[in-house]
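Chains as they are written, first to last, in our numbering: chain A, 1 to 264; chain B, 265 to 528.
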């Protein structure tokens, strides 16, 4: 399971404040803690700062790289900001994200192609987020097909299968599970990725729902997630699901985590 | 999700002691608490008492029925004990269990046929528990085919897909997930059922593994489980997985459980 640490995101108030005040120590602390907790990539997002995103995203890239060696996940819908941030990366980052929205696709494609980076592919087109697995998988098919035709390696593609709130749509969970299955059935070798938290929007005890959701998505095939690695219960769940899926030989990682007190 | 409460089982030391001492109050307390916690059926098992199983199983049936109205799950490999216990049931019980082991199949079939009860069907034949999903699903196919040919309704069949320890076989979890999928793909309308705890044998923090296992099995299609309904975390997990599978309209049951403090 590939873990992208989601905490350095300007939609979080504490991060927005730290960016505004150029409090690099606060951001760097978040970076170090996430790596310590098991993140493979660190998401960096300055999207809340309209008009200043390029300046702040590049600042994030620089200060985070000063303290950790893990690759970044450049999280932006702004192609200019992406190109500028990419140039500063010491380790090949993950690009997040291209979609089937025409404007976004056209502006991101040249960067994605020339970068040779892993890329997150959102199952969204100009009609928005598809509400059925049928359409969501079709949007994924189109994007994977186009990107592969442009020379992007299947192994570099991370399809974000998207989660919507089950509180407003009973079928939302099932659509995500089914989309994961269809994407793998049609494109063996591709990856899927997901941010969890939307699924539990509007419900009590959201963490319980998110914890179950990640295990269930993993059973459906999910191999990457954008999560808070400091959520110990969520990480323990992922370790345990990995074990149940036969991806942790002799339970070595699970037992190591137990010994380190990470499963409590 | 159909919940069979597993606690009144003579392999548990406290239950064996209560049976031996004919401590009906202790057993009845276990029965009431499990129903309170959400059990749909109550398993009763006196299998640890070789030679006296009939006597003790029928005693369990009588004293449990004195305090709860929920149907029982008659858990025995002894056809005589089963027939005697069945006669005492006030509500149609679930019979647990028939298998493809020739002796067991032949002795149980007449009882299963004439009872019109739900029946648990173990994916085991005279070679033991199959270690691959291929063979396990094939054993299920054979049993379902035979039982349906004998007039048993598909809706009354609960295929026990079995769980083995992931600590000794990395693939054990995957075999269970895959067996669930195959059984439903081949026999839509049938049910699957599972006892969880073997899966985590020999590993630390077994409850974490069991909790994840049930959610993941539910994602694969599992619709019944033999569990300890007094395990609040496990029950909270099941409620949350139900919600994510779109089986809890508007999250009514989930929210009710939250208000009753059952999700903490």
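Just so you know, even glycine gets a beta-carbon here, dropped at the ideal spot from N, CA and C.
Check	Outcome
Cβ shell of residue 70 of chain A (< 7 Å), same chain only, five flanking positions each side left out	35, 39, 40, 41 and 42
Residue 215 of chain A: contacting residues in chain B (beta-carbon distance under 7 Å)	476, 479 and 480
Close-in-space but distant-in-sequence residues of the same chain around residue 282 of chain B (CB under 7 Å, 5 per side omitted)	290 and 291
Option in A:44, A:141, A:206 and A:178 with minimal Cα separation from residue 131 of chain A	A:178
Against chain A: residues of the stretch 424-455 of chain B by CB proximity under 7 Å	430, 431, 434, 435, 437, 438 and 441
Environment of residue 191 of chain A [buried if 16+ CB atoms lie within 10 Å]	buried
Where the beta strand (DSSP E) containing residue 123 of chain A begins and where it ends	118-125
Where residue 419 of chain B sits in the DSSP three-state scheme	helix
Under the three-state DSSP convention, the category residue 128 of chain A falls into	strand
Three-state secondary structure assigned by DSSP to residue 191 of chain A	strand
Where residue 8 of chain A sits in the DSSP three-state scheme	coil
Residue 433 of chain B versus residue 129 of chain A - alpha carbon distance	40 Å
Contacting residues, own chain, Cβ-Cβ under 6 Å from residue 477 of chain B (five flanking each side not counted)	460 and 463
Own chain residues within Cβ distance below 7 Å of residue 444 of chain B, not counting five before or after	425, 456, 481, 484, 485 and 486
Cβ-based contacts, 8 Å cut-off: residues of the stretch 513-526 of chain B near chain A	513, 514, 515, 518, 519 and 522
Buried/exposed call for residue 194 of chain A, threshold 16 Cβ in 10 Å	buried
Simplified DSSP state of residue 200 of chain A, which is helix, strand or coil	helix
Residue 488 of chain B at chain A interface by Cβ criterion, 8 Å	no
Residue 74 of chain A, enclosing beta strand (DSSP E) - first and last residue	72-75
Beta-carbon gap between residue 95 of chain A and residue 109 of chain A smaller than 8 Å	no
Limits of the beta strand (DSSP E) - the one that residue 225 of chain A falls within	224-227
C-beta neighbour in chain A for residue 277 of chain B, strict 8 Å	no
8 Å Cβ shell around residue 53 of chain A - same chain, five flanking residues per side excluded	46, 47, 76, 78 and 81
Beta-ladder partner(s) of residue 361 of chain B, from DSSP	The partner list for residue 361 of chain B (beta bridge, DSSP) is empty, contrary to what the question assumes.
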